[in-house]
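Step one of this worksheet: look at the structure below.
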Amino acid sequence: LVLTDFHRKFLIDLGVNENKITTYPNNLQLDSKFSENDKVNRDYIVYAGRISEEKGVEELIQSFLNCNFDDINLKIIGNGPILKKLTNNYKYEKVEFLGEKQNTEVKEIISNSMAVVTATKLLEGQPTLLCEASFLGVPSVFPLTGGISEFFPEDYSLAFQQFDYKDLERKLMLLNDPTMLEDYSKKNKQFILNYLDENKMIKTFEKALKENE
Numbered sequence: 617l618v619l620t621d622f623h624r625k626f627l628i629d630l631g632v633n634e635n636k637i638t639t640y641p642n643n644l645q646l647d648s649k650f651s652e653n654d655k656v657n658r659d660y661i662v663y664a665g666r667i668s669e670e671k672g673v674e675e676l677i678q679s680f681l682n683c684n685f686d687d688i689n690l691k692i693i694g695n696g697p698i699l700k701k702l703t704n705n706y707k708y709e710k711v712e713f714l715g716e717k718q719n720t721e722v723k724e725i726i727s728n729s730m731a732v733v734t735a736t737k738l739l740e741g742q743p744t745l746l747c748e749a750s751f752l753g754v755p756s757v758f759p760l761t762g763g764i765s766e767f768f769p770e771d772y773s774l775a776f777q778q779f780d781y782k783d784l785e786r787k788l789m790l791l792n793d794p795t796m797l798e799d800y801s802k803k804n805k806q807f808i809l810n811y812l813d814e815n816k817m818i819k820t821f822e823k824a825l826k827e828n829e
């Protein structure tokens, strides 16, 4: 069992029998107390995760600042080896370092945000943070790498070319469009609910067991 078709193809290219590989993402359970609030009055975007070089946090901050937003802030949640460096180098009113937070606090912050964003430099599998955001009706900005895009609708216009930070800036600027945000709020939530539908996943798992008896 692998989390993404990207990983499945990787193993097939290594010579693993494709009939022995099944794409089976992780199911997610979200507390019902988190709700979709009015997005019109939201004024910040969120990064949550490890604060490290390979996660592209500094490039994300620089791209955000280059956008010169009048009324959008960036909240950064998490800890890591370059947190101290970033807090010292980026003392801006619009960039807020929140440190580590409990999982429930992170979800609450996300549920009240305009969007979540990542500029990871890695080949990622299933993006738990972005999937949770979709469940909450919050759009995501992310690089086209690994299997991330498999968890979003086709032709998703907020995805950017990995390492192309001018493209990241262009996608961040799209967050100024409230109609587009509302549209992706609905589309992303419906997509992830269908993609991680519990009954469908049970059938996929049972089929994988039968094929490998």
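Just so you know, the sequence shown maps onto residues 617 to 829 in the numbering used here. We put the beta carbon where it would ideally sit given N, CA and C, even for glycine.
C-alpha gap between residue i and residue j, whole angstroms
{"i": "D720", "j": "L746", "result": "Note that residue 720 is Thr in the sequence shown, not Asp. Answer to the nearest angstrom: the Cα atoms are 15 Å apart."}
{"i": "V662", "j": "G753", "result": "14 Å"}
{"i": "K625", "j": "V618", "result": "10 Å"}
{"i": "L739", "j": "K819", "result": "28 Å"}
{"i": "E785", "j": "L825", "result": "45 Å"}
{"i": "E829", "j": "T639", "result": "17 Å"}
{"i": "G631", "j": "G696", "result": "37 Å"}
{"i": "D687", "j": "Q645", "result": "33 Å"}
{"i": "I677", "j": "F758", "result": "14 Å"}
{"i": "T620", "j": "G763", "result": "6 Å"}
{"i": "Q742", "j": "N643", "result": "10 Å"}
{"i": "S729", "j": "N633", "result": "43 Å"}
{"i": "M817", "j": "I637", "result": "15 Å"}
{"i": "F680", "j": "K802", "result": "25 Å"}
{"i": "L790", "j": "K701", "result": "29 Å"}
{"i": "M575", "j": "N804", "result": "With the chain represented from 617 up to 829, any question about residue 575 goes unanswered, as that position is not in the structure."}
Whole-number beta carbon distance between residue j and residue i, since they are thought to touch under 8 Å
{"i": "N635", "j": "E827", "result": "7 Å"}
{"i": "A731", "j": "S765", "result": "The pair is not a contact, with the Cβ atoms about 16 Å apart (cut-off 8 Å)."}
{"i": "G665", "j": "T761", "result": "Going by Cβ atoms, the distance from G665 to T761 rounds to 14 Å, so no, they are not a contact pair."}
{"i": "F807", "j": "P769", "result": "5 Å"}
{"i": "C683", "j": "L788", "result": "5 Å"}
{"i": "L690", "j": "V711", "result": "5 Å"}
Identity of the residues DSSP links to residue i by a beta bridge
{"i": "S679", "result": "None; S679 has no bridge partner."}
{"i": "V754", "result": "Paired residue(s): none; V754 is not in a bridge."}
{"i": "Y660", "result": "N689"}
{"i": "A775", "result": "F758"}
{"i": "V618", "result": "T639"}
{"i": "E712", "result": "K691"}
The ligand NAP heavy atom lying under 7 Å from the CB of residue i
{"i": "T620", "result": "Annotation note on the ligand NAP: not contained in the displayed structure, which lists no ligands."}
Extent of the continuous beta strand (DSSP E) to which residue i belongs
{"i": "V732", "result": "A731 to V733"}
Element boundaries [alpha helix (DSSP H), containing residue i]
{"i": "L791", "result": "Neither: L791 is in no alpha helix (DSSP H) and is coded neither H nor E."}
{"i": "V722", "result": "N719 to S727"}
{"i": "I818", "result": "E814 to E827"}
{"i": "N704", "result": "L699 to N705"}
Short CB-CB distance (under 8 Å) between residue i and chain C
{"i": "A735", "result": "No chain C is present in this structure, which holds just one protein chain."}
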